[in-house]
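Mapped onto the working numbering, the consecutive letters of the sequence shown carry residue numbers -18 to 115.
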Amino acid sequence: MPRNGWCSMGRNIHRKLFSSAESNLSGKPKYLTWDELWEHASPKFKDSANLDYDKIMKLFTTTDLKGYRQDERFANMIDDALHCFYAAHCDYFITIDKRCADKARLVYEKLGISTAVYSPDQFYAYASSLASIE
């Protein structure tokens, strides 16, 4: 598809999303918080069979969409949210992506998940300190 075709398709998608959001928000009070607005305006999806997945993905993506350590591309945000979910089942989450690390720490803290988040350098220092203890 030519580049201008993608641009046109993107504008059409945005128009439909905003139209859907506006119709979902009609009649809602203007003093709602961002989270309350999100609940009213976001598309309604059926919960998955894995409620932990839903909690982590929702908190990670809404944190990004609110502007906290925002990713430049939507696809990156989704990939990072998935990495955050899978790492939640491990003792350590090691990533070079500082934005992802910050959002993961916030998500883990809010949900009471004990996974420690490190950059490779931080993890090396941590592992080295453990080795020197023995």
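Every residue, glycine too, gets a C-beta built ideally from N, C-alpha and C. What you are looking at is a predicted structure, and each value in this text was computed from that prediction instead of being measured.
Whether residue i touches residue j by CB criterion (8 Å)
{"i": "I77", "j": "F104", "result": "no"}
{"i": "T42", "j": "M58", "result": "yes"}
{"i": "L32", "j": "L92", "result": "no"}
{"i": "F66", "j": "Y34", "result": "yes"}
Alpha-carbon spacing of residue i relative to residue j, whole angstroms
{"i": "M38", "j": "S110", "result": "33 Å"}
{"i": "K36", "j": "A108", "result": "30 Å"}
{"i": "H64", "j": "A106", "result": "22 Å"}
{"i": "D28", "j": "L46", "result": "20 Å"}
{"i": "I114", "j": "P101", "result": "20 Å"}
{"i": "M(-18)", "j": "R54", "result": "Because M(-18) carries a pLDDT of 46, less than 50, the predicted location of this residue cannot be relied on, and the following value inherits that uncertainty. Between M(-18) and R54, the C-alpha separation is close to 20 Å."}
{"i": "R86", "j": "D72", "result": "13 Å"}
{"i": "R(-16)", "j": "C81", "result": "With a pLDDT of 49 at R(-16), under the threshold of 50, the modelled position of that residue is not reliable, and the figure given next carries that caveat. Between R(-16) and C81, the C-alpha separation is close to 30 Å."}
{"i": "A68", "j": "A112", "result": "23 Å"}
{"i": "H70", "j": "A56", "result": "22 Å"}
The alpha helix (DSSP H) enclosing residue i, as first and last residue numbers
{"i": "Y105", "result": "P101 to I114"}
{"i": "K47", "result": "Unbroken run through K47: none, as it is neither H nor E."}
{"i": "A62", "result": "F55 to A68"}
{"i": "D83", "result": "K79 to L92"}
Enclosing beta strand (DSSP E) for residue i [first to last residue]
{"i": "I75", "result": "Y73 to I75"}
Assumed close pair residue i, residue j - CB separation to whole angstroms, cut-off 8 Å
{"i": "D61", "j": "K84", "result": "7 Å"}
Okay, do the segment 92 to 100 and the segment 42 to 62 touch, 3+ Cβ pairs below 8 Å being the bar?
-> In short, these stretches do not touch, since the Cβ pair count stays below three.
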